[in-house]
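Engineer:
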Amino acid sequence: MLDTTLHLADPDAFYEALIDMHRDLSNDESQLVNAKLILLLSNQIGDMDVLREAMSMARGGVAASVVTSTASV
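Below you can see the structure in the form of structure tokens.
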């Protein structure tokens with residue numbers, strides 16, 4: 305079961321580090337770095353059920369929000 309309890313001692317520091325990781329990268333490089341980070345963290349988690357739950361949660365509502373934001377333009 306996916307645990308969504310906040311475990312980050314300093315969420316703002318994590319977000320800043322995540323943004324810094326992308327600094328000065330092209331869009332393609334940024335997407336590659338994201339993919340590598342996802343694979344590294346997925347390996348750390350190691351539980352396919354948890355990973356599937358996280359993927360489902362991450363995808364939830366994304367397609368609808370893209371259509372909605374595009375329609376309002």
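Following the numbering used here, the numbering of the sequence shown begins with 305 at its first residue and continues without gaps.
Each residue gets a CB set at the ideal place from its N, CA and C atoms; glycine is no exception.
Could you check where the alpha helix (DSSP H) with H326 kicks off and where it finishes?
Structural biologist: Note, H326: alpha helix (DSSP H), P315 to H326.
Engineer: Can you grab the Cα-Cα spacing for the pair K340 / N347, in whole Å?
Structural biologist: Looking at the two C-alpha atoms, the distance is approximately 11 Å.
Engineer: Residue range of the alpha helix (DSSP H) that L343 falls in?
Structural biologist: Start and end: N331 to I349.
Engineer: Taking L306 and M361 to be in contact with their CB atoms under 8 Å, please state how far apart those CB atoms are, rounded to whole angstroms.
Structural biologist: Sure, about 7 Å apart at Cβ, within 8 Å.
Engineer: Check the Cβ-Cβ distances between Q335 and every residue of chain C, and say whether any is below 7 Å.
Structural biologist: Going by chain labels, chain C is absent from the structure shown, which holds only one protein chain.
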